[in-house]
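Residue numbers (my numbering), protein chains in the order written: chain F, 1 to 240; chain C, 1001 to 1111.
Just so it is clear, CB atoms sit at the ideal spot from N, CA and C, and this is done for glycine as well.
Keep in mind that this is a model prediction, so the values were computed, not measured.
Let me begin by presenting the structure, written as C-alpha cells, before commenting on it.
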C-alpha cells in the first residue's frame, strides 16, 4: 500500500515536473530570450504549480524588460551632456516676463520685458516678478507702481490658484493714494502675475501679514482680484 | 475649487454677493457717472479725467447704482483754493443734484 502510494506520488510529481518544463521551454523563446540557464529554470519549477510557474517566467521576462528600459532611459539622459560648466545664470535658466507699469502719459499700464530665473516653483517665479515690480521700470516712459521702500514679506499659492502677496507696511505708508494710483498698483501686481503665470487665477494682497479693508482708502483689498488687461496698453512696444 | 474658496469665510461670501449686486447695476452706475461727469464739466469746467470702473472701498455694500465723484485734488494748491470757495461748492452740489434728478427721470421712473 505504502509503496504504491509513494510511486503514485512520485509519478505525479514527475508528470507535473515534465509539464512545467514543457511550459517553461515554450515560454522561453518569447518571454526570456536572454538565455536563462536551463538548470535554473528547471530547479525553480518543481515546487510550483503550472499556473504559478508560468507567472514566474512571465514575471522574469517583464522584469528584464523594465531593467532594459531603465538602462535606456539612463543612457538617453546622460547623452546630451552640458558642454560648459553648469551656470545658474545661463540663458536656459532664465525666462522672459512682461511687467506692467504705469505709463507716464495717460492712465494705462504699459508692458516692459524683464528676465527672471526659471525656478521650478510657480511661487518662486511669482516672488521674482513682484520684486522686479518693486524695483521699478527701466523704460523712461513708464512710472513705478509700488513704492521702492516696499518689501515682499511672503507669497503663497493655494490649490484654487489664488496667490497671496504679502507686502510690508511701506506699500501703504509711501503710497501717494488716489483712485488712479491705487488701480495702477493693484493691477500692475495682478496683471503681471496672472499674465506670466497662468497657474495664478486670482491675487489677494495682504499688508504686513494682514487683510486690510483698502489699499489707501480707495480700492478694496478684502477681495481676490482677477486679471484686467483692459487697462493695459498692449499695443505699446514693450521696452527691455 | 469649492472648498478652497468656501473656507475663506463669510467675508468673502458677502463680497461676492455685493459684486453680484453691483454688476447688476453696472450699466446704471456708468450711466449715472456719465451724467455727473457732463454736468460737472458744464457747471464748473472740471477737466474730464474719465470714468473708471473698480471696486472702490466706499461703494462696497451698496445694493443700488453707486458712483464715487472726485471733484478736486486737495493736494493741488489751486484746487484747494477753489474748494474753500462757498460759491464753487454750491455749483458743485447743484450740478450733482441736477444729475441725480436727470438720472432718476431717465432710469428709475421708467422701470
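Beta-carbon proximity of residue i to residue j, cut-off 9 angstroms
i: residue 162/F; j: residue 219/F; result: no
i: residue 160/F; j: residue 227/F; result: no
i: residue 181/F; j: residue 168/F; result: no
i: residue 1046/C; j: residue 1030/C; result: no
i: residue 203/F; j: residue 189/F; result: yes
i: residue 969/C; j: residue 1072/C; result: In the structure displayed, chain C extends from 1001 to 1111; residue 969/C sits before or after that span and is not available.
i: residue 143/F; j: residue 101/F; result: yes
i: residue 145/F; j: residue 194/F; result: no
i: residue 104/F; j: residue 156/F; result: no
i: residue 196/F; j: residue 138/F; result: no
i: residue 1102/C; j: residue 1039/C; result: yes
i: residue 175/F; j: residue 133/F; result: no
i: residue 236/F; j: residue 110/F; result: yes
i: residue 225/F; j: residue 164/F; result: no
i: residue 1055/C; j: residue 1032/C; result: no
i: residue 97/F; j: residue 129/F; result: yes
i: residue 154/F; j: residue 106/F; result: no
i: residue 1096/C; j: residue 1069/C; result: yes
i: residue 108/F; j: residue 233/F; result: yes
i: residue 94/F; j: residue 1015/C; result: no
Reduced DSSP category for residue i - H, G, I as helix; E, B as strand; rest coil
i: residue 214/F; result: strand
i: residue 100/F; result: strand
i: residue 235/F; result: coil
i: residue 220/F; result: strand
i: residue 111/F; result: strand
i: residue 1025/C; result: coil
i: residue 1107/C; result: helix
i: residue 1056/C; result: strand
i: residue 1088/C; result: helix
i: residue 1071/C; result: coil
i: residue 1102/C; result: helix
i: residue 1040/C; result: helix
i: residue 267/F; result: For chain F, the structure presents residues 1 to 240; residue 267/F sits outside this window and is missing.
i: residue 205/F; result: strand
i: residue 116/F; result: strand
i: residue 95/F; result: strand
i: residue 200/F; result: coil
i: residue 75/F; result: With a pLDDT of only 43 at residue 75/F, under 50, the local geometry of the prediction cannot be trusted, and the value read off the model is given with reservation. Looking at residue 75/F - three-state DSSP - the assignment turns out to be helix.
i: residue 63/F; result: The pLDDT assigned to residue 63/F is 41, lower than 50, so where the model puts this residue is not dependable; a value taken from the coordinates is nonetheless given after this. Note: residue 63/F maps to helix in three-state DSSP.
i: residue 1077/C; result: helix
i: residue 105/F; result: coil
i: residue 188/F; result: helix
i: residue 1094/C; result: helix
i: residue 195/F; result: helix
i: residue 230/F; result: helix
Amino acids of chain F, ordered along the chain, whose beta-carbon sits closer than 7 angstroms to that of residue i
i: residue 1060/C; result: 220
i: residue 1070/C; result: 179
i: residue 1015/C; result: 222, 223
i: residue 1086/C; result: Those do not exist, as residue 1086/C stays about 26 angstroms from chain F at its closest Cβ, beyond 7 angstroms.
i: residue 1033/C; result: Near residue 1033/C there are no residues of chain F at all, since even the closest Cβ is about 12 angstroms away, more than 7 angstroms.
i: residue 1066/C; result: The premise fails here: residue 1066/C is roughly 13 angstroms from chain F at the closest Cβ pair, so nothing lies under 7 angstroms.
i: residue 1116/C; result: Residue 1116/C lies beyond the residue range present for chain C, which begins at 1001 and ends at 1111; the question has no answer from this structure.
Partners in chain C for residue i, counting only beta-carbon separations shorter than 9 angstroms
i: residue 213/F; result: 1057, 1060
i: residue 217/F; result: 1057, 1058
Where residue i meets chain F, residues with beta-carbon distance less than 8 angstroms
i: residue 1050/C; result: 107
i: residue 1024/C; result: Correct list: empty, because the minimum Cβ distance to chain F is about 17 angstroms.
Residue i: CB within 8 angstroms of a non-hydrogen atom of the ligand COA
i: residue 118/F; result: As presented, the structure is devoid of all ligands, the ligand COA included, so that no description of it is given.
#### Entry: Those runs of the alpha helix (DSSP H) which lie wholly inside the segment 120 to 172 of chain F and span at least 4 residues
122 to 135
### Members of the segment 175 to 188 of chain F that neighbour chain C once the beta carbon cut-off is set at 7 angstroms
179, 183
### Query
Name the residues in the segment 188 to 206 of chain F whose C-beta lies less than 8 angstroms from a C-beta of chain C; which are they?
none
### Message
Please list, in chain order, the residues of the segment 1091 to 1109 of chain C that have any C-beta partner in chain F closer than 9 angstroms.
### Response
none
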